[in-house]
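Here the structure is laid out as structure tokens; the discussion comes afterwards.
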Amino acid sequence: MPTVLVFGDSLSAGYGMEVDQSWPALLQSRLEEQGYEHKVVNASISGETSEGGAQRITDAVSRYLPAIVVIELGGNDGLRGYPTKRLKQNLQRMIEESRAAGAEVVLLGIRIPTNYGPRYTRSFENVYRELATTYGLPWVKFFMDGVALDDSLMQDDGIHPNEDAQVALLDNAWPAILDALQDKTTALRR
């Protein structure tokens, strides 16, 4: 059975809710409804940075042998003001390790609050665009689009999406995941 490995932080780990309410759990249901036999493995960790992800990726891809790796990391790097060069290097390592293991990669872009200044904010957001372009990845410009600024979809901390937001997050990620599923299916038929 092919595996979709979700490799993210609290946004994908289901922080503040039952894990079966998280968007990766909903992804499992959607895959089944669409006729895909993939199993979703959620290897997301609340508080994870891109550096932690880069350190864990080799073990994760060798353990799960995923057909697709969905990378949703970087938000904690941005909130801590980590250099965007380091973010890019860490994401690049995850992409390359995943591809070396034969997986298609989906990149879910993150945005950070504008109070970090326009230069840092722009540089941060460009990391995702540049990597998606360089590697030809299906990607989402802003994974939290339509969620982050809607108080009714956020937990009281104003950072984490609530249960009601999970379908919207899945809907945001789905087109890129579907592209990867179709790319993988096409590659297998060759």
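Quick note on the working numbering: the sequence shown kicks off at -3 and runs consecutively.
All residues carry an ideal CB built from backbone N, CA and C; glycine is no exception.
Item	Value
Test item: CB-CB of residue 6 and residue 46 under 9 Å	no
Boundaries of the alpha helix (DSSP H) in which residue 53 is found, first to last residue	46 to 60
N-terminal and C-terminal residue of the beta strand (DSSP E) that residue 68 is part of	64 to 68
Pair within 9 Å by beta-carbon distance, residue 177 and residue 60	no
With 16 other Cβ atoms within 10 Å as the buried cut-off, status of residue 134	buried
Contact with chain D by residue 104, beta-carbon distance below 9 Å	Looking at the structure shown, chain D is missing, and only one protein chain is on hand.
Any 3 or more C-beta pairs closer than 8 Å across the stretch 113 to 121 and the stretch 12 to 29	no
Alpha-carbon to alpha-carbon, residue 103 and residue 129	11 Å
Close Cβ partners of residue 184 (< 8 Å) along its chain, the five nearest in sequence each way excluded	Because residue 184 sits at a pLDDT of 48, beneath the cut-off of 50, its placement in the model cannot be relied upon, and the following sentence gives the value as read from the coordinates. Excluding positions up to five away in sequence, the list is empty.
Residue 117: first and last residue of the uninterrupted alpha helix (DSSP H) it sits in	114 to 131
Beta carbon of residue 101 nearer than 9 Å to that of residue 0	no
Spatially closest choice to residue 19 from 98, 91 and 163, by CA coordinates	163
Of the residues 4, 122 and 121, the one placed nearest residue 52, counting alpha carbons only	4
Under 9 Å between C-beta atoms of residue 26 and residue 165	no
Rounded separation between residue 109 and residue 43 - CA only	17 Å
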